[in-house]
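Undergrad: Mind looking over this structure? Questions follow.
Protein chains: 2
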Amino acid sequence: MQKPQFPSLNDIRHARVRIKSFIHRTPILTSSAINEIAGCEIYFKCENFQKVGAFKARGAANAVMKLSDEDKAKGVATHSSGNHAAALARAAQIAGIPAYIVMPSSAPKIKKKAVKGYGGEIIECEPNLQARETTLEKVVKETGATFIPPYDFMDVIEGQATCALEFLEDEPDLEIILAPVGGGGLLGGTALLSHEWDEDIEVYGAEPSGADDAYRSFKAGKIIPQTKPNTIADGLLTSLGVLNFEIIRRYVKDILLATDSQTIDAMRLIYERMKIVIEPSCAVPLAALLANKALFKGKKVGIILSGGNVDLGKLPF
Amino acid sequence: MQKPQFPSLNDIRHARVRIKSFIHRTPILTSSAINEIAGCEIYFKCENFQKVGAFKARGAANAVMKLSDEDKAKGVATHSSGNHAAALARAAQIAGIPAYIVMPSSAPKIKKKAVKGYGGEIIECEPNLQARETTLEKVVKETGATFIPPYDFMDVIEGQATCALEFLEDEPDLEIILAPVGGGGLLGGTALLSHEWDEDIEVYGAEPSGADDAYRSFKAGKIIPQTKPNTIADGLLTSLGVLNFEIIRRYVKDILLATDSQTIDAMRLIYERMKIVIEPSCAVPLAALLANKALFKGKKVGIILSGGNVDLGKLPF
């Protein structure tokens with residue numbers, strides 16, 4: 001694939017201004033206990049405190065606010081059963097436009113409730129990818145709404161990149177940044193921004209070994225889709241997007257893996273030592289770091305905690 | 001009881017300077033979702049992020065740092081199976097002096113580990129109050145260590161008062177402050193400071209209905225000790241201290257009760273909406289507020305989240 005047009009540092013700064021009043025500038029936390037265990041100096045960017053409980057609020061807001069007035073009037077649409085659905089419904093509500101969210105009939109009630117709470121219109125479909133896509137196509141055709149994909153879309157990636165922008169503005173000496181990778185929206189945005197900010201910053205993706213398509217794609221130099229993912233990190237089940245891969249293969253240093261058992265240990269460490277609530281996907285970067293300590297020894301490392309939407313009745317400890 | 005000598009605002013300011021480098025100035029968080037449910041504007045002072053995971057770090061540090069050099073050299077002692085034990089061991093470690101902690105043989109391993117981690121010396125005893133007191137007496141006699149009680153001690157109360165001092169410095173418009181009450185160290189310190197700061201600020205204690213001795217004592221005008229407490233709020237089982245009662249009956253507006261079921265609902269709300277980890281005792285003030293909404297309608301209310309030391313394997317949801 002020829003190099004697509006990537007957003008510049010200036011584009012990302014504009015995105016930040018565009019979405020500024022709709023998102024939190026999330027805090028950065030540290031833990032001396034975790035630093036001691038890790039053997040490096042870790043800064044945690046807390047997107048679990050973000051609006052809708054995840055970094056997804058950034059990309060959705062950016063994509064919606066960039067639409068022309070004409071397109072805005074017809075609304076936005078997506079298929080998602082996760083945080084992107086709520087984030088898009090919220091962004092649309094702020095813009096005062098309709099959001100059509102195609103969700104599998106099997107989606108958890110709490111996810112549907114979140115979307116409805118932001119005024120989103122839910123269109124149910126059979127719980128398989130083909131049904132999702134054909135239903136979405138139908139909705140778009142009927143309403144003229146603009147499809148905003150969850151990660152394989154440059155305006156979404158540009159929005160997610162604002163997270164790393166804030167991170168480096170607040171902690172300009174970071175030598176390494178880790179972000180989890182599912183579809184690659186957050187990792188892509190982080191890698192783009194970091195590359196633009198300072199080419200010497202190393203960006204690592206962190207992925208569950210039970211859904212390691214980004215790892216395998218990165219090594220193979222081509223996209224290898226994920227089949228039958230099996231991991232507790234339920235935010236990282238999807239396959240890498242096309243645009244996301246193009247960024248990641250250029251600007252990411254490596255993809256590191258963590259087993260579910262390592263992820264659960266890291267998650268517990270964050271709950272116990274930092275007293276914050278995160279979702280399992282969020283713990284994968286710390287787990288991957290702790291499984292590869294030598295790479296980070298003595299460095300100043302940034303970890304993006306991607307979200308905090310976890311079913312408290314199903315914590316793995 | 002004749003009015004004891006209470007610390008002044010100036011004394012509490014000095015305490016804050018004394019302990020400043022040993023504790024965190026904890027952040028204040030808000031949640032628009034919780035405000036909407038509560039019908040008032042709530043500010044949460046997050047002592048769950050405090051050193052040792054609880055406000056107890058303040059009182060213990062203040063009491064230790066106020067000792068004469070001669071007394072310091074002989075060390076400090078207490079009996080406790082809770083956060084005060086870890087807080088005192090830590091304060092002693094910082095001062096470079098011994099800490100003798102009498103703990104019941106039945107105390108949870110994790111509590112013993114915390115004390116040992118701060119270099120405290122654990123002396124085990126039978127799990128009853130008499131054994132704790134006689135063992136402590138023996139330790140104090142043998143070592144010459146100074147007994148630092150967990151709450152019924154003015155230097156400890158003065159230390160806990162620094163929390164409300166920071167709170168009002170950061171949010172000077174608070175009209176009401178709520179703190180949980182067990183022995184009354186935190187509530188006493190909060191009431192003292194608030195009274196000194198501005199007599200118009202109303203301070204409420206919040207107590208589990210299954211351990212409501214402070215409520216009953218407050219209404220009766222004399223201390224009625226707690227027998228057979230039965231509540232999930234395991235940090236609030238103890239009876240009100242003597243000095244604490246003297247402050248509370250003078251400067252606290254009222255004590256509000258919350259059932260365990262209300263406390264669990266409030267705890268879940270804080271986990272889900274604020275994405276932070278708190279211990280059950282910590283949720284009692286929000287539960288009491290939600291059970292008495294009319295009292296707080298439209299007001300600017302401060303709630304002290306007292307600590308975050310919870311057994312994650314035993315969350316009530």
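Protein chains in written order, with UniProt numbering: chain A, 1 to 317; chain B, 1 to 317.
Virtual Cβ for every residue (Gly too), placed ideally from N, Cα, C.
1. Return the chain-ordered list of same chain residues with a C-beta closer than 6 Å to the C-beta of R90(A), the five sequence neighbours on each side being excluded.
2. Which residue comes first and which comes last in the alpha helix (DSSP H) that contains E199(B)?
3. What would DSSP say about E41(A), mapped onto helix, strand or coil?
4. In the stretch 215–248 of chain B, which residues sit with their C-beta less than 7 Å from some C-beta in chain A, listed in chain order?
5. Which first and last residues belong to the alpha helix (DSSP H) in which G109(A) is found?
6. Does any residue of chain B have a CB that is nearer than 8 Å to the CB of N35(A)?
7. Less than 8 Å between the beta carbons of A145(B) and P104(B), yes or no?
8. Do you know offhand how far Y43(A)'s Cα is from M154(B)'s?
9. Short of 7 Å Cβ to Cβ, which residues in the stretch 113–135 of chain A face chain B?
10. What does DSSP give as the partner residue(s) for Y100(A) in the beta ladder?
11. List, in order along the chain, the chain B residues whose C-beta lies closer than 7 Å to that of G53(A)?
12. Based on the DSSP secondary-structure assignment, which residues constitute the bridge partners of I176(B)?
13. Output needed for T227(B): all residues of its chain with C-beta closer than 8 Å, excluding positions within five of it in sequence on either side, in chain order.
14. Let me see if you follow: with CB-CB separation under 8 Å, is G308(B) close to chain A or not?
15. Straight-line CA distance for E199(B) to K253(B)?
16. Check whether the stretch 79–93 of chain B touches the stretch 8–17 of chain B, taking contact to mean three or more Cβ pairs, one atom from each stretch, closer than 8 Å.
17. Excluding sequence positions up to five away, which residues of its chain have a Cβ less than 8 Å from the Cβ of E166(A)?
18. Between Y204(B), A61(B), I278(B), which lies nearest to G159(B) when the distance is taken from Cα to Cα?
19. If you measure from the beta carbon of Y43(B) to each beta carbon in chain A, is any gap under 8 Å?
20. Starting from the Cα of A206(B), find the closest Cα among K222(B), I176(B), I224(B) and give me that residue.
21. Using the C-alpha atoms, what's the distance from S194(A) back to Q262(A)?
22. Find the nearest neighbour of P280(A) within the set K293(A), L290(A), S306(A), Y251(A), judged by alpha-carbon distance.
23. Suppose you measure from the CA of Y151(B) to the CA of G241(B); what does that come to, to the nearest Å?
24. Using a Cβ-Cβ distance under 8 Å, would Y271(A) count as near chain B?
25. Mark D260(A) as exposed unless 16 or more other C-beta atoms lie within 10 angstroms of its C-beta, in which case mark it buried.
26. Strictly below 8 Å CB to CB, what residues from chain B border L168(A)?
27. Could you give the first and the last residue of the continuous beta strand (DSSP E) run that contains I255(B)?
28. With DSSP run on the structure shown, which of helix, strand or coil describes P127(A)?
TA: Judging by the given coordinates:
1. By 1-based counting over the first sequence, the position of residue 90(A) is 90. Around R90(A): V52, Y118.
2. Reading the second sequence from its first residue, position 199 is the one you call residue 199(B). Where E199(B) is concerned, there is no enclosing alpha helix (DSSP H), given that its DSSP letter is neither H nor E.
3. The residue you call residue 41(A) lines up with position 41 of the first sequence. Residue state, collapsed to three classes: strand.
4. none
5. Here residue 109(A) refers to the residue found at position 109 when the first sequence is read from its first residue. Before going further, note that residue 109(A) is Lys rather than Gly in the sequence given. Element bounds for K109(A): 109–117.
6. Counting from 1 along the first sequence, the entry for residue 35(A) is found at position 35. Taking Cβ atoms only, chain B never reaches closer than 8 Å to N35(A), which makes this a no.
7. If you number the second sequence from 1, residue 145(B) lands on position 145. If you number the second sequence from 1, residue 104(B) lands on position 104. Taking 8 Å as the Cβ cut-off, A145(B) and P104(B) do not qualify as a contacting pair.
8. As a working mapping, residue 43(A) is identified with position 43 in the first sequence. As a working mapping, residue 154(B) is identified with position 154 in the second sequence. The alpha-carbon atoms of Y43(A) and M154(B) are separated by roughly 38 Å.
9. none
10. Residue mapping note: residue 100(A) aligns to position 100 of the first sequence, counting from 1. Beta-bridge pairing links Y100(A) to A77(A), E121(A).
11. Here residue 53(A) corresponds to residue number 53 of the first sequence, with the count starting at 1. The answer, in chain order, is K275.
12. Sequence index remark: in the second sequence, residue 176(B) carries index 176 (1-based). E202(B), V301(B).
13. On the second sequence, residue 227(B) is found 227 positions in, with the first residue counted as 1. Counting only Cβ-Cβ distances below 8 Å, and skipping sequence neighbours, we find nothing.
14. Reading the second sequence from its first residue, position 308 is the one you call residue 308(B). G308(B) counts as touching chain A.
15. On the second sequence, position 199 is the one that residue 199(B) refers to. On the second sequence, position 253 is the one that residue 253(B) refers to. Their backbone Cα atoms lie some 11 Å apart in a straight line.
16. no
17. For the purposes of this step, residue 166(A) is identified with residue 166 of the first sequence, where counting begins at 1. So the qualifying residues of the chain are R16, R25, T26, K45.
18. As a first step, residue 159(B) must be located in the second sequence, where it is residue number 159. The shortest Cα separation from G159(B) among Y204(B), A61(B), I278(B) belongs to A61(B).
19. Residue numbering aside, residue 43(B) sits at position 43 when the second sequence is read from its first letter. With 8 Å as the cut-off, Y43(B) does not count as an interface residue toward chain A.
20. For this step, residue 206(B) is matched to residue 206 along the second sequence. The shortest C-alpha separation from A206(B) is found at I176(B).
21. Translated into positions along the first sequence, residue 262(A) becomes position 262. Translated into positions along the first sequence, residue 194(A) becomes position 194. So the alpha carbons of these two residues sit roughly 27 Å apart.
22. Residue 280(A) sits at position 280 when you count from the first residue of the first sequence. Selected option, being the one with the closest Cα: S306(A).
23. The residue labelled residue 151(B) in the question sits at position 151 within the second sequence. The residue labelled residue 241(B) in the question sits at position 241 within the second sequence. Straight-line Cα distance between these residues: approximately 7 Å.
24. By one-based count along the first sequence, residue 271(A) stands at place 271. Yes, its Cβ sits closer than 8 Å to a Cβ of chain B.
25. Start at 1 with the first residue of the first sequence, and residue 260(A) comes out as number 260. With 16 or more other Cβ atoms within 10 Å, it is buried.
26. The residue given as residue 168(A) occupies position 168 in the first sequence. Simply none; closest approach about 22 Å.
27. Along the second sequence, read from residue 1 onward, the residue named residue 255(B) stands at position 255. Per DSSP, I255(B) belongs to the beta strand (DSSP E) from 254–258.
28. Taking the first sequence and counting its residues from 1, the one referred to as residue 127(A) is at position 127. DSSP places P127(A) in coil when its eight states are reduced to three.
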